[in-house]
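Since the structure comes first, as structure tokens, the remarks are kept for the end.
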Ligand SMILES: Cc1cc2nc3c(=O)[nH]c(=O)nc-3n(C[C@H](O)[C@H](O)[C@H](O)COP(=O)(O)OP(=O)(O)OC[C@H]3O[C@@H](n4cnc5c(N)ncnc54)[C@H](O)[C@@H]3O)c2cc1C
């Protein structure tokens, strides 16, 4: 079973993330970059399927040169090889452009694929739309927000969990799956894994290699543009309630006032 995992390098969630005043895109230089945690779970899910079914795991990212760190992390967890779609022309691409470019890049993966695994939401852009859009462009079924994945021959079944509850979805392979936080606990790369990752193949491809036109990608051609951005207001200190025997009533009044009860 050949699995392609879509991974993204994102600003470290614990660091302050900001947009560039010049063009409203994320200021990736201003913060440390990490492999998005949800993508570590996507890699873990793929490795578990490979251990059960055999096959190969390829990680694929669309990102600047610096994204090689995220790739090495995924390879050190146990992925077999990588594809890095990197090109100046991609800078500032919106989610729709990103999905179309990723779909083309998936087509360059040697040996083809039976399954594409992604995270259900990137911690920076948070559109939670790329996996379904990639599936649409490839004409494949999308099984999203998976907390459990089972493959039986040519059919795949996932337990899908959202705030509305849990549903079970089944589809024929090839397919696209996005995983949620509850799917697994990603393994830590072993020292042996980290050393082996240095030798694993990373195919660096440009938009030309993937058959993507420059007019299809990048900030100048993006379908959405950030026109203004204001930082989130600092959290207010919150209300202090003095309990003079009526603390309970005051808390109830506060909760009613906040429409929480
Ligand atoms: C603050 C901010 C706001 C934005 N707002 C918008 C917006 O409103 N509309 C819009 O069209 N674009 C927006 N973008 C741009 C958008 O984030 C990027 O195009 C991004 O690459 C894809 O969207 P996402 O991160 O929201 O992906 P999501 O759909 O949240 O990502 C889900 C999964 O898709 C895969 N994936 C996503 N991006 C990549 C990648 N580059 N390489 C490999 N796998 C990937 C990963 O597995 C990821 O876990 C915004 C970006 C930022 C930083």
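Residue numbers (the working numbering): 74 to 334.
Glycine included, each C-beta is placed from N, C-alpha and C at the ideal position.
Keep in mind that this is a model prediction, so the values were computed, not measured.
*Please classify residue 291: is it buried, with 16 or more other beta-carbons within 10 angstroms of its beta-carbon, or exposed?*
To locate residue 291, count along the chain shown from 1; it is residue 218. Burial call: buried.
*Where residue 141 and residue 277 are concerned, what is the direct C-alpha to C-alpha distance, given to the nearest angstrom?*
Position 68 of the chain shown, counted from the start, is the residue given in the question as residue 141. Position 204 of the chain shown, counted from the start, is the residue given in the question as residue 277. Going by C-alpha positions, residue 141 is about 10 angstroms away from residue 277.
*Reference residue 245; option with closest CA among 284, 213, 275*: Along the chain shown, read from residue 1 onward, the residue named residue 245 stands at position 172. With distances taken between Cα atoms, residue 245 lies closest to 213.
*For residue 75, write down the residues that DSSP places opposite it in a beta bridge.*
As a first step, residue 75 is located in the chain shown; it is residue number 2 there, counting from the start. Answer by DSSP bridge pairing, in chain order: 129.
*May I have the straight-line CA-CA distance separating residue 249 from residue 332, to the nearest angstrom?*
The sequence position of residue 249 within the chain shown is 176, counting from 1. The sequence position of residue 332 within the chain shown is 259, counting from 1. In this structure, the straight-line span from the alpha carbon of residue 249 to that of residue 332 is close to 40 angstroms.
*asked:* Could you compute how far the alpha carbon of residue 94 sits from the alpha carbon of residue 101?
replied: Against the chain shown, residue 94 aligns to sequence position 21. Against the chain shown, residue 101 aligns to sequence position 28. Going by the C-alpha atoms only, they are around 13 angstroms apart.
*Report the residue from 280, 301, 323, 306 whose alpha carbon sits nearest the alpha carbon of residue 175.*
The residue labelled residue 175 in the question sits at position 102 within the chain shown. The shortest Cα separation from residue 175 among 280, 301, 323, 306 belongs to 280.
*Return the Cβ separation of residue 122 and residue 256 in integer angstroms, given the expectation that the two are a contact with Cβ distance under 8 angstroms.*
For this step, residue 122 is matched to residue 49 along the chain shown. For this step, residue 256 is matched to residue 183 along the chain shown. Contact annotation, residue 122 with residue 256: C-beta distance approximately 11 angstroms; criterion of less than 8 angstroms not satisfied.
*Inspect the beta-carbon positions of residue 99 and residue 84 and report whether they are closer than 8 angstroms.*
Numbered from its first residue, the chain shown carries residue 99 at position 26. Numbered from its first residue, the chain shown carries residue 84 at position 11. With a cutoff of 8 angstroms on beta-carbon distance, residue 99 and residue 84 are scored as near each other.
*asked:* Checking 8 angstroms against the spacing of the C-beta atoms, do residue 266 and residue 151 come in under that value?
replied: Counted from its first residue, the chain shown places residue 266 at position 193. Counted from its first residue, the chain shown places residue 151 at position 78. Note that the C-beta distance between residue 266 and residue 151 is below 8 angstroms.
*Close beta carbons around residue 270, own chain, < 6 angstroms, minus the five adjacent residues each side*: Residue mapping note: residue 270 aligns to position 197 of the chain shown, counting from 1. Excluding positions up to five away in sequence, the list reads 145, 148, 149.
*Is it right to say residue 40 is buried, meaning 16 or more other beta carbons lie within 10 angstroms of its own, or is it exposed?*
Beyond the ends of the chain as shown, which are 74 and 334, falls residue 40; an answer cannot be given.
*Assuming residue 181 and residue 282 form a contact by the criterion Cβ under 8 angstroms, report the distance between their Cβ atoms to the nearest whole angstrom.*
Position 108 of the chain shown holds residue 181. Position 209 of the chain shown holds residue 282. Right, their Cβ atoms sit about 7 angstroms apart.
*Please report the Cβ distance between residue 215 and residue 208, rounded to the nearest whole angstrom; I am assuming they are in contact, meaning their Cβ atoms lie under 8 angstroms.*
Counting from 1 along the chain shown, the entry for residue 215 is found at position 142. Counting from 1 along the chain shown, the entry for residue 208 is found at position 135. That pair is a contact at about 4 angstroms.
*Per DSSP, residue 230 forms a beta bridge with which residues?*
Start at 1 with the first residue of the chain shown, and residue 230 comes out as number 157. In the DSSP assignment, residue 230 forms a beta bridge with 223, 243.
*List the endpoints of the continuous beta strand (DSSP E) containing residue 82.*
Within the chain shown, residue 82 is the residue found at index 9, counting from 1. Residue 82 -> beta strand (DSSP E) spans 82 to 84.
*Quick one: measure Cβ to Cβ for residue 170 and residue 289, integer angstroms, because I've assumed they're closer than 8 angstroms.*
Taking the first residue of the chain shown as position 1, residue 170 is located at position 97. Taking the first residue of the chain shown as position 1, residue 289 is located at position 216. About 6 angstroms separates the two Cβ atoms, so the contact holds.
*Assign residue 235 to one of two classes, buried (16 or more other C-beta atoms within 10 Å of its C-beta) or exposed (fewer than that).*
As a position in the chain shown, residue 235 is number 162, starting the count at 1. It counts as exposed.
*Evaluate contact between the segment 161 to 169 and the segment 112 to 126, counting only Cβ atoms and requiring at least three cross-stretch pairs below 8 angstroms.*
No, because fewer than three Cβ pairs between the segment 161 to 169 and the segment 112 to 126 fall closer than 8 angstroms, the two stretches do not touch.
*Say whether the segment 76 to 83 touches the segment 127 to 140, bearing in mind that this needs 3 or more beta-carbon pairs closer than 8 angstroms, one atom from each stretch.*
By the C-beta criterion, the segment 76 to 83 is judged to be in contact with the segment 127 to 140, since at least 3 inter-stretch pairs fall below 8 angstroms.
*Could you have a look at residue 123 and say whether DSSP puts it in helix, strand or coil?*
As a working mapping, residue 123 is identified with position 50 in the chain shown. It is helical.
*Go ahead and label residue 309 buried or exposed: buried means 16 or more other beta carbons lie within 10 angstroms of its beta carbon, across all protein chains shown.*
Working through the chain shown from its first residue, we reach residue 309 at position 236. In summary, residue 309 is exposed, with fewer than 16 beta-carbon neighbours lying within 10 Å of its beta-carbon over all protein chains present.
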